[in-house]
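Quick note, the sequences are listed as chains U and F, same order. Residues in the first sequence are numbered consecutively from 3, following this note's numbering. Residues in the second sequence are numbered consecutively from 3, following this note's numbering. For glycine and all other residues, C-beta sits at the position ideal for the given N, C-alpha and C. Only a predicted model underlies this, so the values are computations on that prediction, with no experimental measurement involved. This report refers to the structure that appears directly beneath it.
Protein chains: 2
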Amino acid sequence: MRQITLDDIDHLTLGATLLGTGGGGDPYIGALMARQAIEEHGPVRVVDAAALPPDGLVAAVAIVGAPTVIIERVPAGREFAESLRALSRYLGRELVAIMPIEVGGMNTLIPVASAAELNLPLINADGMGRAFPEIEMTVFTLAGLAATPITVADEKGNLGIFETVDNKTAEVLGRTAVVQLGMANAVTQYPMTARQCAESAITGSLSYCLRLGGFLASARDGGAATALDELLDFAGGRRVFAGKVVDVDRRATDGFTRGHCDIEHFDDPTRTLRLLIQNELLVALDDGRPVVTPPDLICVLDQENAQPITTETLAYGQRVEVVALPAAPRWRRDGFLELVGPAAFGYDIDYVPFGGRN
Amino acid sequence: MRQITLDDIDHLTLGATLLGTGGGGDPYIGALMARQAIEEHGPVRVVDAAALPPDGLVAAVAIVGAPTVIIERVPAGREFAESLRALSRYLGRELVAIMPIEVGGMNTLIPVASAAELNLPLINADGMGRAFPEIEMTVFTLAGLAATPITVADEKGNLGIFETVDNKTAEVLGRTAVVQLGMANAVTQYPMTARQCAESAITGSLSYCLRLGGFLASARDGGAATALDELLDFAGGRRVFAGKVVDVDRRATDGFTRGHCDIEHFDDPTRTLRLLIQNELLVALDDGRPVVTPPDLICVLDQENAQPITTETLAYGQRVEVVALPAAPRWRRDGFLELVGPAAFGYDIDYVPFGGRN
Numbered sequence: 003m004r005q006i007t008l009d010d011i012d013h014l015t016l017g018a019t020l021l022g023t024g025g026g027g028d029p030y031i032g033a034l035m036a037r038q039a040i041e042e043h044g045p046v047r048v049v050d051a052a053a054l055p056p057d058g059l060v061a062a063v064a065i066v067g068a069p070t071v072i073i074e075r076v077p078a079g080r081e082f083a084e085s086l087r088a089l090s091r092y093l094g095r096e097l098v099a100i101m102p103i104e105v106g107g108m109n110t111l112i113p114v115a116s117a118a119e120l121n122l123p124l125i126n127a128d129g130m131g132r133a134f135p136e137i138e139m140t141v142f143t144l145a146g147l148a149a150t151p152i153t154v155a156d157e158k159g160n161l162g163i164f165e166t167v168d169n170k171t172a173e174v175l176g177r178t179a180v181v182q183l184g185m186a187n188a189v190t191q192y193p194m195t196a197r198q199c200a201e202s203a204i205t206g207s208l209s210y211c212l213r214l215g216g217f218l219a220s221a222r223d224g225g226a227a228t229a230l231d232e233l234l235d236f237a238g239g240r241r242v243f244a245g246k247v248v249d250v251d252r253r254a255t256d257g258f259t260r261g262h263c264d265i266e267h268f269d270d271p272t273r274t275l276r277l278l279i280q281n282e283l284l285v286a287l288d289d290g291r292p293v294v295t296p297p298d299l300i301c302v303l304d305q306e307n308a309q310p311i312t313t314e315t316l317a318y319g320q321r322v323e324v325v326a327l328p329a330a331p332r333w334r335r336d337g338f339l340e341l342v343g344p345a346a347f348g349y350d351i352d353y354v355p356f357g358g359r360n
Numbered sequence: 003m004r005q006i007t008l009d010d011i012d013h014l015t016l017g018a019t020l021l022g023t024g025g026g027g028d029p030y031i032g033a034l035m036a037r038q039a040i041e042e043h044g045p046v047r048v049v050d051a052a053a054l055p056p057d058g059l060v061a062a063v064a065i066v067g068a069p070t071v072i073i074e075r076v077p078a079g080r081e082f083a084e085s086l087r088a089l090s091r092y093l094g095r096e097l098v099a100i101m102p103i104e105v106g107g108m109n110t111l112i113p114v115a116s117a118a119e120l121n122l123p124l125i126n127a128d129g130m131g132r133a134f135p136e137i138e139m140t141v142f143t144l145a146g147l148a149a150t151p152i153t154v155a156d157e158k159g160n161l162g163i164f165e166t167v168d169n170k171t172a173e174v175l176g177r178t179a180v181v182q183l184g185m186a187n188a189v190t191q192y193p194m195t196a197r198q199c200a201e202s203a204i205t206g207s208l209s210y211c212l213r214l215g216g217f218l219a220s221a222r223d224g225g226a227a228t229a230l231d232e233l234l235d236f237a238g239g240r241r242v243f244a245g246k247v248v249d250v251d252r253r254a255t256d257g258f259t260r261g262h263c264d265i266e267h268f269d270d271p272t273r274t275l276r277l278l279i280q281n282e283l284l285v286a287l288d289d290g291r292p293v294v295t296p297p298d299l300i301c302v303l304d305q306e307n308a309q310p311i312t313t314e315t316l317a318y319g320q321r322v323e324v325v326a327l328p329a330a331p332r333w334r335r336d337g338f339l340e341l342v343g344p345a346a347f348g349y350d351i352d353y354v355p356f357g358g359r360n
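Right, here's the structure in full:
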């Protein structure tokens, strides 16, 4: 993967929707921004972090906020470039490349738009290998890298810069500023050297996302069941549950969308899968028993065409297929459960090893 | 007034308590910090803004947060110097002097400590001529000067920097960061040139505060009634009500202390004065009728010795004298009622001209 052109946006968007595990903001809004930026400024160069000058400055740009609000108020765009420029000014150094913080949801596409606009290469890597709701939930935190200085910019021209003693405090201050500025804003974070990025990031994320999107495009064009099998085979995933959505509870609170979704099994209406939501689909409970837990991925697909359904578009009566994908291998190191396991989200549930007996 | 020495702290603290109109944080904590800094670093030079290099950078340093919290958690001190240094680094310029943002409460004394510690002169001026609860409530805002960039620092090493499109947004973002960092933190704000300060600040504030403190010291040493008469004569103030505290309601919420205090008249127990509190004593209602309104000052004094009582130390049974002082003349210009009149605090009450018929 050498560049991202207009032709890639559709597959990238499909893949990002899947890896968004229901959240991360509507990738179609990000896709609009990416398309417009590429039309105006040309294709985006994609690079491996290892190919950049090792001491060059890189950082991740993203939108932070509640998906519900992001849908209602499409970002103007200029706030992303401004948050990147503000970080560069603050550190007194130019950026040599930017990266997505998460390869899921809107934040996969927004860095594409920013890279085109600022004529910077985009690194084929990310910090989550999926979408997660909080700034500190990255393999970078696990590697001991600071999320700060971070910059928060809105479309009106307001700017916040934070330096914090730990990444959890960065999350708290960053998100609070976001909520005060209107519930969803541009955030540039995790300034690091290209060498640090190469050593700690989840690599190949954009290629992976694009490939998954390819399978989903095939599914959309017919033969959904076969395409989904191929996708699960490629990603090492599995089918979890097939049924009808019978209840959706979803609230936008303090910068998050929280709630749950209940799905009744097609073959056994007494059996219910409950999905717990915090921006993303985080936990799957099969008749109360945890079957998929973070950081592994839960994806809800339309049974008809295997297209991913976001938490924002989940609705009563939908006939869905729930699948699970394994977390990126880079997560498997000391401390990952404290950072992104069930307890990190306030769930009193043990982590269920992926593919473990259910 | 050429300098502030250890001998001045007592009077300055008394004056600041009076001008704090019940709020602004306990000046005695500020006094401890100022004493310690002067003992360590020597007296503080006091200057007029007009005597500084006109293009020199000046700024105000303060603690922002709920007084209740400030009492419970005495500031470490280093966060104030850090917020000043962070602003200087951010702007790439050295400060030539610092000033108090308000000449009432703790924030009169904290800049004394910071000036001693950083060996900078302290400007004999302020932005409020009293204490007010919000960052944007200054004569600087009225003069069209920006409160930002502002820096927020805590004692742990966390730092926030904000640039906003208006001073109200600076207040919202700054206070939110303060609440998230522990309800009370160091804030440096209103960076401006010495010329802008000379043209827009309330001048002579520290001298005025020291002079008022002198009267209160006399009152404390005996002859309270006479000393209070002299003080009111000097300041153009008046007695409003004398009675017994019969009810105090006080809550720390979202970075503010809010509530009210009811006082029953000595001579007519059916007559009650209600004081409305938002960190400071803001409105006095005599049997429901507004008699003192912001920006004019309401001060509650112990009837015995004419010592000011803060909203934090108001208690049932206290025998008190309520007096009013006129707002600094610099407030009297277009737009002051929108910024610091009763409506600015959410009160549906007309401004009562000071000394108007009651």
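{"Item": "Start-end ranges of the beta strand (DSSP E) lying completely within the segment 208-261 of chain U, minimum 3 residues", "Value": "240-255"}
{"Item": "In chain order, each beta strand (DSSP E) run of at least 3 residues that lies wholly inside the segment 299-340 of chain F", "Value": "299-304 and 321-327"}
{"Item": "Contact list for the segment 281-302 of chain U against chain F, Cβ threshold 8 Å", "Value": "none"}
{"Item": "DSSP bridge partner residues for residue 267(U) (one or two, in chain order)", "Value": "245(U)"}
{"Item": "Short CB-CB distance (under 8 Å) between residue 137(U) and chain F", "Value": "no"}
{"Item": "Those residues which DSSP pairs with residue 27(F) across a bridge", "Value": "Paired residue(s): none; residue 27(F) is not in a bridge."}
{"Item": "Reduced DSSP category for residue 95(F) - H, G, I as helix; E, B as strand; rest coil", "Value": "coil"}
{"Item": "Burial state of residue 41(U), where buried means 16 or more other Cβ atoms lie within 10 Å", "Value": "exposed"}
{"Item": "Anticipated Cβ contact below 8 Å, residue 285(F) with residue 301(F), distance rounded", "Value": "That pair is no contact at about 14 Å."}
{"Item": "Beta carbon proximity, residue 161(U) to chain F, threshold 8 Å", "Value": "yes"}
{"Item": "Which of helix, strand or coil DSSP assigns to residue 360(U)", "Value": "Bear in mind that a pLDDT of 35 at residue 360(U), under 50, signals an unreliable position, so the number given afterwards is only what the model happens to contain. The answer is coil: DSSP assigns residue 360(U) none of H, G, I, E or B."}
{"Item": "From 28(U), 188(U) and 14(U), residue whose alpha carbon lies closest to that of residue 64(U)", "Value": "188(U)"}
{"Item": "CB contact check: residue 170(U) to chain F, cutoff 8 Å", "Value": "no"}
{"Item": "Chain-ordered residues of the segment 172-199 of chain F with a beta carbon less than 7 Å from chain U", "Value": "174, 175, 178, 179 and 182"}
{"Item": "Residue(s) in a DSSP beta bridge with residue 292(F)", "Value": "287(F)"}
{"Item": "Nearest residue (CA-CA) to residue 24(U), options 224(U), 218(U) and 314(U)", "Value": "314(U)"}
{"Item": "Residues bridged to residue 194(F) [DSSP beta-bridge criterion]", "Value": "60(F)"}
{"Item": "Unbroken alpha helix (DSSP H) run spanning residue 176(F), endpoints", "Value": "169-183"}
{"Item": "beta-carbon residue 13(F) near the ligand MG non-hydrogen atom, thresh 7 Å", "Value": "The ligand content of the structure shown is nil, which means the ligand MG is not present either."}
{"Item": "6 Å Cβ shell around residue 268(U) - same chain, five flanking residues per side excluded", "Value": "244 and 245"}
{"Item": "Which residues DSSP lists as bridging residue 128(F), in chain order", "Value": "204(F)"}
{"Item": "Residue from 211(U), 193(U) and 216(U) whose Cα sits closest to the Cα of residue 90(U)", "Value": "193(U)"}
{"Item": "Cβ-based burial, residue 299(F) [other Cβ within 10 Å; buried from 16]", "Value": "buried"}
{"Item": "Residues of the segment 141-165 of chain F with Cβ closer than 8 Å to any Cβ of chain U, in chain order", "Value": "158, 159, 160, 161, 162, 163, 164 and 165"}
{"Item": "Unbroken beta strand (DSSP E) run spanning residue 54(U), endpoints", "Value": "Note, residue 54(U): premise wrong, no beta strand (DSSP E); not H, not E."}
{"Item": "Below-8 Å beta-carbon distance, residue 66(F) vs any chain U residue", "Value": "no"}
{"Item": "Coarse secondary structure for residue 187(U), derived from DSSP in three states", "Value": "strand"}
{"Item": "Rounded distance between the beta-carbons of residue 18(U) and residue 110(U), thought under 8 Å", "Value": "4 Å"}
{"Item": "Buried/exposed call for residue 92(F), threshold 16 Cβ in 10 Å", "Value": "buried"}
{"Item": "Residue 277(U), enclosing beta strand (DSSP E) - first and last residue", "Value": "274-280"}
{"Item": "Residue from 21(F), 183(F) and 36(F) with nearest C-alpha to residue 46(F)", "Value": "36(F)"}
{"Item": "Check whether residue 15(U) and residue 206(U) have beta carbons under 8 Å apart", "Value": "no"}
{"Item": "Residue 165(F) - partner residues in DSSP beta bridges", "Value": "161(U)"}
{"Item": "Contacts that residue 167(F) makes with chain U (C-beta to C-beta distance below 8 Å)", "Value": "158, 159 and 160"}
{"Item": "Spatial distance of residue 250(F) from residue 317(F) (CA atoms)", "Value": "7 Å"}
{"Item": "For residue 153(F), three-class secondary structure by DSSP", "Value": "strand"}
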